[in-house]
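Start counting the sequence shown at 27; every next residue gets the next number (my numbering).
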Amino acid sequence: MCAVVYVLVLFGSFLVICSIVLGRMLLKNRSVRKYVRNMRQRIQSAEDRGAVILDETPLEKPKRDMRTTAIQLQKSRTFLHRAEKAIAQGKFDIAEGLLIQALTVDPDAHDVRAQLAKLYLDEKRDSKAEAMYKELLQFKDDASFRANLGLAYYRQEKFDLACEAYQAALDRDSQNPERLAALGRACVAARHYEDATLLLDKATARLSRDTELLGLLAECAMQIGDKEKAEETYRRINKIEPYNQDVKDKLAELASA
Numbered sequence: 027m028c029a030v031v032y033v034l035v036l037f038g039s040f041l042v043i044c045s046i047v048l049g050r051m052l053l054k055n056r057s058v059r060k061y062v063r064n065m066r067q068r069i070q071s072a073e074d075r076g077a078v079i080l081d082e083t084p085l086e087k088p089k090r091d092m093r094t095t096a097i098q099l100q101k102s103r104t105f106l107h108r109a110e111k112a113i114a115q116g117k118f119d120i121a122e123g124l125l126i127q128a129l130t131v132d133p134d135a136h137d138v139r140a141q142l143a144k145l146y147l148d149e150k151r152d153s154k155a156e157a158m159y160k161e162l163l164q165f166k167d168d169a170s171f172r173a174n175l176g177l178a179y180y181r182q183e184k185f186d187l188a189c190e191a192y193q194a195a196l197d198r199d200s201q202n203p204e205r206l207a208a209l210g211r212a213c214v215a216a217r218h219y220e221d222a223t224l225l226l227d228k229a230t231a232r233l234s235r236d237t238e239l240l241g242l243l244a245e246c247a248m249q250i251g252d253k254e255k256a257e258e259t260y261r262r263i264n265k266i267e268p269y270n271q272d273v274k275d276k277l278a279e280l281a282s283a
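In structure tokens:
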């Protein structure tokens, strides 16, 4: 008799547990259906208002092996140091090869790329320097990079592009009189004499003993018909170089004109 009662109690407990679990599942499913129904209603309402639903694009996180990165960095540094020694010894071909190897190991080593660009500029390999500085400017907007790009353009007689590059360098380093002078020279080469006169006038106010710049300023003043400015500038040169016969002749010509 006791065994029968025990079985009935056990069976009844099982039924109660099943009922509880089933009830919770029904409530959960009902909540999920309600959430989905509400979400659909909100989406439909947003679409009715003209909203555009964008497809979700999963982001892929780049996988980086820190150990591999450290090894690449060390190899790149080694090539760079060897290249610097080669440059100091005047072995520019060897230096170029070492810098290219450094970039092959670590393509993101922008300081190495800058060193290679400077090497090309110093060696007057201006088309390669131009390409390298354009690459560098995609990663860092630096005044010196823009100025060096301007020089690469200038040497290739791309004078209007040189003016643009030098102007960008001046915009980022406006207190540097050398930037003014470089832009002024480029404007002279591009035959933008009025702009060149203004720029060189400002540059020579700060580089007051630079007779080469003063000579350019005087020539630009003559090109735009400002003889008074030209004479004033030649007199400034004459004070610095009193024995310069060419300057004396220019002053004589202006006095007799």
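No residue lacks a Cβ here, since even glycine has one placed at the ideal position from N, Cα and C.
Given that a residue counts as buried once 16 or more other Cβ atoms are within 10 Å of its Cβ, and exposed if not, what is Gln164?
exposed
Collapsed DSSP secondary structure at Leu162 in the structure displayed
helix
Tell me whether Glu149 sits in a helix, a strand or coil according to DSSP, three-state version.
coil
Please classify Asp168: does DSSP put it in a helix, a strand, or coil?
coil
Under a three-way DSSP split, which group does Gly176 fall into?
helix
What does the Cβ neighbour count give for Thr223, buried or exposed, with the cut at 16 atoms within 10 Å?
buried
Identify which residue in Asn202, Lys160, Asp168 has its Cα closest to the Cα of Leu187.
Lys160
Roughly how many angstroms lie between the CA atoms of Arg235 and Leu175, to the nearest whole one?
27 Å
Could you give the DSSP three-state label for Glu183: helix, strand or coil?
coil
Proximal residues to Ala173 (C-beta, below 6 Å), its chain only, five neighbours per side dropped
Ala195
Provide the residue span of the alpha helix (DSSP H) that contains Gln271, from first to last.
271–282
Determine the direct distance from the alpha carbon of Arg103 to that of Thr237, and round the result to whole angstroms.
43 Å
Do Leu177 and Gln193 come within 8 Å of each other at the CB atom, strictly closer than that value?
no
For the alpha helix (DSSP H) holding Asn202, just list the boundary residues, first then last.
That residue, Asn202, is in no alpha helix (DSSP H); it is neither H nor E in DSSP.
Short check: CB of Leu233 to CB of Ala207, under 8 Å?
yes
Buried or exposed, going by whether 16 or more other CB atoms sit within 10 Å of the CB of Gln100?
exposed
Keeping to the same chain, check which residues put their C-beta closer than 8 Å to that of Leu331; ignore five residues upstream and five downstream.
What the structure shows of the chain is the stretch from 27 to 283, and residue 331 is not part of that stretch, so it cannot be assessed.
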